[in-house]
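Undergrad: Below you will find the structure I want to go over with you.
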Amino acid sequence: MEKIDLSPLRKQFPALNKTVDGKKRIFLDGAAGTQVPQIVFDAMFDYMVVSNANYGGYFRTSVETDEMLVGVREDVADFINAPSWEGVVLGPNMTTLTYTLMWTLLRQMKKRDEVVITRLDHGANIDSWKALEDFGVVAKYIEINKEDCTLDYEMASRLIDKKTKLVAVGLASNAVGTVNDIKRLTQMAHDAGALMFVDAVHYAPHFPIDVADLGCDFLAYSAYKCFGPHVGFLWGKKELLEELNPYRPWPSHDEVPYKYNIGTPNMEGFAGARASVQYIENLGKKFGKKFLSQYSGYNERRQILKAAMAAIAEYELGLSKKLNEGLSQIKNLKVYGITDPERLNQRCPTYSFVLEGKTSEEICKRMSDEWIYVWNAEDGAGALELVEWLDVVKKGGLLRVSLEHYNTEGEIDRFLEVLRSIAK
Ligand SMILES: Cc1ncc(COP(=O)(O)O)c(C=O)c1O
Numbered sequence: 000m001e002k003i004d005l006s007p008l009r010k011q012f013p014a015l016n017k018t019v020d021g022k023k024r025i026f027l028d029g030a031a032g033t034q035v036p037q038i039v040f041d042a043m044f045d046y047m048v049v050s051n052a053n054y055g056g057y058f059r060t061s062v063e064t065d066e067m068l069v070g071v072r073e074d075v076a077d078f079i080n081a082p083s084w085e086g087v088v089l090g091p092n093m094t095t096l097t098y099t100l101m102w103t104l105l106r107q108m109k110k111r112d113e114v115v116i117t118r119l120d121h122g123a124n125i126d127s128w129k130a131l132e133d134f135g136v137v138a139k140y141i142e143i144n145k146e147d148c149t150l151d152y153e154m155a156s157r158l159i160d161k162k163t164k165l166v167a168v169g170l171a172s173n174a175v176g177t178v179n180d181i182k183r184l185t186q187m188a189h190d191a192g193a194l195m196f197v198d199a200v201h202y203a204p205h206f207p208i209d210v211a212d213l214g215c216d217f218l219a220y221s222a223y224k225c226f227g228p229h230v231g232f233l234w235g236k237k238e239l240l241e242e243l244n245p246y247r248p249w250p251s252h253d254e255v256p257y258k259y260n261i262g263t264p265n266m267e268g269f270a271g272a273r274a275s276v277q278y279i280e281n282l283g284k285k286f287g288k289k290f291l292s293q294y295s296g297y298n299e300r301r302q303i304l305k306a307a308m309a310a311i312a313e314y315e316l317g318l319s320k321k322l323n324e325g326l327s328q329i330k331n332l333k334v335y336g337i338t339d340p341e342r343l344n345q346r347c348p349t350y351s352f353v354l355e356g357k358t359s360e361e362i363c364k365r366m367s368d369e370w371i372y373v374w375n376a377e378d379g380a381g382a383l384e385l386v387e388w389l390d391v392v393k394k395g396g397l398l399r400v401s402l403e404h405y406n407t408e409g410e411i412d413r414f415l416e417v418l419r420s421i422a423k
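Numbering (numbering that gives the first Met the number 0), first residue to last: 0 to 423.
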């Protein structure tokens with residue numbers, strides 16, 4: 000079958016084409032925030048010039064702003080296959096939205112209730128829930144299998160029981176790339192009468208998301224990890240959002256989803272986020288045709304968005320194989336997470352490793368000198384509990400290389416070439 004090649008899309012990303020001091024840069028830091036296509040900048044500019052206003056007024060720019068804020072919710076609902084835009088809450092980022100939800104759920108919890116989390120996750124999906132311990136709630140951890148950084152589901156099934164009120168787990172690890180079986184965990188949570196919260200920040204730019212299929216109750220992700228600006232989304236089942244009672248100041252409304260708004264939204268950011276979904280839709284129309292039949296049960300737009308993400312997943316799998324193989328050939332280098340070439344579809348193309356004798360800071364700086372941007376993850380790039388548990392802090396932390404669909408095999412070759420010279 001013909002190999003999918005998404006590299007023609009690179010010309011839509013100004014940052015990828017810009018030369019700085021005569022050099023093109025290689026961005027292998029997408030897990031910390033992706034680069035952004037021109038269509039997003041244009042939408043933000045247009046919004047600021049044509050429609051800039053606060054929401055809720057009766058004049059034209061304000062009405063357009065209201066429409067845009069519904070429009071971005073519709074886009075997100077399409078992207079994650081949610082039943083309606085009314086379940087989509089807008090916020091500055093995933094972490095702030097998760098704290099909002101934590102304060103909201105706290106109102107329903109009592110002492111000795113339990114939340115189940117995992118060290119595999121970013122601090123945003125650990126510390127938000129551990130904060131509940133100050134109120135007598137008990138946080139319990141699903142353990143991780145050391146050899147491949149996957150979750151111990153047998154243990155999870157023993158841990159999640161009648162005392163559990165919430166299971167909060169990520170769809171994928173931003174540090175070691177593992178994709179988690181959220182459907183299975185959701186089943187366990189619901190069987191025990193608990194709610195399921197999913198952090199989809201790392202997963203969102205790599206694979207199709209379907210909240211209806213996952214069955215989860217809440218899911219959060221950020222547009223800036225998904226080719227958009229720095230804004231975030233929280234989706235929740237509408238009936239749950241209606242039932243819950245978030246702390247909120249006047250003038251937040253009482254209706255869903257507005258009652259979860261805290262302060263004035265970042266309008267230009269959400270206008271840009273709309274365009275980032277449009278970018279993905281355009282990608283689907285051009286490159287997703289062979290995947291459409293897999294998603295025939297969806298309406299046309301959702302089908303195209305799913306096919307787009309399937310095209311991204313297939314292209315990235317090719318990049319992932321190349322990087323995995325290249326890293327395996329470097330002596331004294333240990334990759335954490337799944338490395339079995341047959342199982343690379345169970346991980347994101349996000350690789351973290353330790354190279355003996357070199358700190359991640361040193362590698363990062365040497366790479367930067369060569370115009371290659373990777374992440375020095377002494378703190379696990381937010382997954383601090385994971386790097387502590389892996390015991391890699393004293394080895395100088397993890398070096399994280401994270402690929403996106405705008406990266407190329409040539410960029411991986413160049414990265415590996417520089418890494419080999421550092422490893423000498
Ligand atoms: C997996 C994961 N979850 C949560 C977050 C926090 O997201 P935000 O910056 O939108 O608060 C990040 C950020 O790196 C992340 O990678």
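Each residue gets a CB set at the ideal place from its N, CA and C atoms; glycine is no exception.
Which ranges does the alpha helix (DSSP H) cover as unbroken runs of at least 4 residues, wholly within the region 145-186, from first to last along the chain?
TA: Within the region 145-186, the complete alpha helix (DSSP H) runs of at least 4 residues are 152-158.
Undergrad: Flag M93 as yes when its Cβ comes closer than 6 angstroms to any non-hydrogen atom of ligand 1, and as no otherwise.
TA: yes
Undergrad: Assess, as a yes-or-no matter, whether the region 232-247 is touched by the region 36-51 under the definition of 3 or more beta carbon pairs within less than 8 angstroms.
TA: no
Undergrad: In this structure, how does DSSP classify A376 when only helix, strand and coil are distinguished?
TA: strand
Undergrad: Between which two residues does the alpha helix (DSSP H) harbouring L482 extend?
TA: Because the chain here runs from 0 to 423, residue 482 falls outside it and cannot be looked at.
Undergrad: Less than 7 angstroms between the beta carbons of A312 and G287, yes or no?
TA: no
Undergrad: Out of K161, L316 and L213, which has the shortest C-alpha to C-alpha gap to G169?
TA: For G169, the nearest C-alpha among the options comes from L213.
Undergrad: Does the Cβ of V200 lie closer than 6 angstroms to at least one heavy atom of ligand 1?
TA: The answer is yes for V200.
Undergrad: Can you name the residues that DSSP bridges to E113?
TA: V137 and T163
Undergrad: Would P256 be called buried (16 or more neighbouring beta carbons within 10 Å of its own) or exposed?
TA: Residue environment: P256 is assigned as buried (16 or more neighbouring CB atoms within 10 Å of its CB, all protein chains considered).
Undergrad: Evaluate R106 with the Cβ neighbour count: other Cβ atoms within 10 Å of its Cβ, from every protein chain shown; 16 or more gives buried, anything less gives exposed.
TA: Taking all protein chains shown into account, R106 has fewer than 16 neighbouring C-beta atoms within 10 Å of its C-beta and is therefore exposed.
Undergrad: Grouping DSSP H, G and I as helix and E and B as strand, with all else coil, what is S6?
TA: helix
Undergrad: Could you tell me the distance, in whole angstroms, from the CA atom of V14 to the CA atom of P7?
TA: A small fix is needed here, since residue 14 is Ala in this sequence, not Val. Rounded to whole angstroms, A14 to P7 spans 15 angstroms at the Cα level.
Undergrad: Per DSSP, T18 is paired with what?
TA: T18 is bridged to K23.
Undergrad: Suppose the cutoff is 6 angstroms on Cβ atoms and the five residues either side in sequence are ignored; what does the same chain contact list for E355 look like?
TA: N331
Undergrad: Roughly how many whole angstroms lie between the Cα atoms of E403 and R365?
TA: Approximately 22 angstroms, taken between the alpha carbons.
Undergrad: For S221, is the beta carbon positioned less than 6 angstroms from some heavy atom of ligand 1?
TA: yes
Undergrad: Could you tell me whether any non-hydrogen atom of ligand 1 is closer than 6 angstroms to the CB of A130?
TA: Relative to ligand 1, even the nearest heavy atom lies 6 angstroms or more away from the CB of A130.
Undergrad: Within 10 angstroms of its Cβ, does Y278 collect 16 or more other Cβ (buried), or is it exposed?
TA: It counts as buried.
Undergrad: Considering Y335, what are the terminal residues of the beta strand (DSSP E) in which it resides?
TA: L332 to Y335
Undergrad: Where do the ends of the beta strand (DSSP E) carrying W234 lie?
TA: Bounds of the beta strand (DSSP E) holding W234 are G231 to G235.
Undergrad: Would you kindly work out how many angstroms separate the C-alpha atoms of R111 and K164, rounded to a whole number?
TA: 10 angstroms
Undergrad: Does the Cβ-Cβ distance between C215 and V197 come in under 7 angstroms?
TA: yes
Undergrad: Could you check which residue in N92, P207, D20 and V71 has the C-alpha nearest to that of S83?
TA: V71
Undergrad: So, is E238 buried or exposed, given that buried needs 16 or more other C-beta atoms within 10 angstroms?
TA: So E238 counts as exposed.
Undergrad: Pair every Cβ in the region 152-162 with every Cβ in the region 118-128, then say whether three or more of these pairs are closer than 8 angstroms.
TA: Three or more beta-carbon pairs separated by less than 8 angstroms are not found between the region 152-162 and the region 118-128, which leaves the two stretches without contact.
Undergrad: On the premise that A171 lies in contact with M93, defined as a C-beta separation below 8 angstroms, what is that separation, rounded to the nearest angstrom?
TA: Not quite, the Cβ-Cβ distance comes to about 13 angstroms (not below 8 angstroms), so this is no contact.
Undergrad: Spatial neighbours of D147 within its chain, please: C-beta separation below 7 angstroms, excluding the five flanking residues on both sides.
TA: G336 and I337
Undergrad: Please classify G21 as buried or exposed, where buried requires at least 16 other C-beta atoms within 10 Å of its C-beta.
TA: exposed
Undergrad: Pop quiz: G476 and T349 are said to be a contact at Cβ under 8 angstroms. What is the actual Cβ separation, rounded to whole angstroms?
TA: Residue 476 lies beyond the stretch modelled for the chain, which goes from 0 to 423, so this question has no answer here.
Undergrad: With 16 other CB atoms within 10 Å as the buried threshold, where does Q328 fall?
TA: Exposed, since its Cβ has fewer than 16 Cβ neighbours within 10 Å.
Undergrad: Does ligand 1 have a heavy atom nearer than 6 angstroms to the CB of A123?
TA: yes
Undergrad: In terms of alpha-carbon separation, which member of S367, W370 and C347 lies closest to V178?
TA: C347
Undergrad: Go to F58, then tell me how far its alpha helix (DSSP H) extends in each direction, as first and last residue.
TA: Per DSSP, F58 belongs to no alpha helix (DSSP H) and is neither H nor E.
Undergrad: Am I right that E408 and K321 are in contact with their C-beta atoms under 8 angstroms? What's the rounded C-beta distance?
TA: 6 angstroms
Undergrad: Count the other CB atoms, across all protein chains shown, that sit within 10 Å of the CB of Y57; report buried if there are 16 or more and exposed otherwise.
TA: exposed
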